[in-house]
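One structure is given below, encoded as structure tokens.
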């Protein structure tokens, strides 16, 4: 790393700390020539390839803004959305690739959003998966109900601990919430 003061190509690391919830490393360096100190921030390259072929850095803020409209009027806090964005980024980084498509980002959002709020999940999925008919919604609702039923039976069989399971919304509740949006 070149010193920003004297441009000497040699510096030594004085201190290293993890920053941004593990997404980057902050290093405090000292120039071996002029002895001045400076800070560097190292991040791994993680890019999103848009449908038009444009490549841009992954942004948690874009994940949050993309999901926020689906969560409008739902009991989902900004902290919940920030955690969701972090989970999505971590999931995508686990793939080990430095470039992911915007389609893969959308797919990564769905399971975390489903666990956060089923109505917001249906809203987001209806746009992301381009639902065209009521049957598309009915199929998504059927899958959610089966998942809830499986989770409820798994939590009651052989466990002395109770777990919260959300009551599956009725078709009327889901359609009303979609029409209100």
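Numbering (the working numbering), first residue to last: 53 to 233. The beta-carbon is built from N, C-alpha and C at its ideal position, and this holds for glycine as well.
(message) With three or more C-beta pairs closer than 8 Å as the rule, is the segment 132 to 144 touching the segment 81 to 88?
(response) no
(message) Let me confirm a value: residue 122 is counted as buried when at least 16 other C-beta atoms fall within 10 Å, else exposed. Which label applies?
(response) buried
(request) Give a yes or no on whether 7 Å exceeds the smallest Cβ distance from residue 106 to chain D. (result) The question asks about chain D, but that chain is absent: this structure has only one protein chain.
(message) Whole angstroms are fine: how far does the CA of residue 115 sit from the CA of residue 58?
(response) 40 Å
(message) Tell me the rounded alpha-carbon separation between residue 182 and residue 56.
(response) 50 Å
(message) I'd like the list of long-range same chain contacts for residue 180, defined as Cβ closer than 6 Å, with 5 residues on each side in sequence excluded.
(response) 158
(message) Do residue 110 and residue 139 have their beta-carbon atoms positioned less than 7 Å apart in this structure?
(response) no
(request) Report the residue ranges of all alpha helix (DSSP H) runs contained in full by the segment 75 to 139; include only those spanning at least 4 residues, in chain order. (result) 112 to 120
(request) Could you check the C-alpha separation between residue 217 and residue 203 for me, to the nearest Å? (result) Reliability fails at residue 217, whose pLDDT of 40 lies under 50, so the model's placement of it is uncertain and the value that follows must be treated cautiously. About 8 Å.
(message) Going by DSSP in three states, residue 11 sits in which element: helix, strand or coil?
(response) Not covered by the structure: residue 11. The range shown for the chain is 53 to 233.
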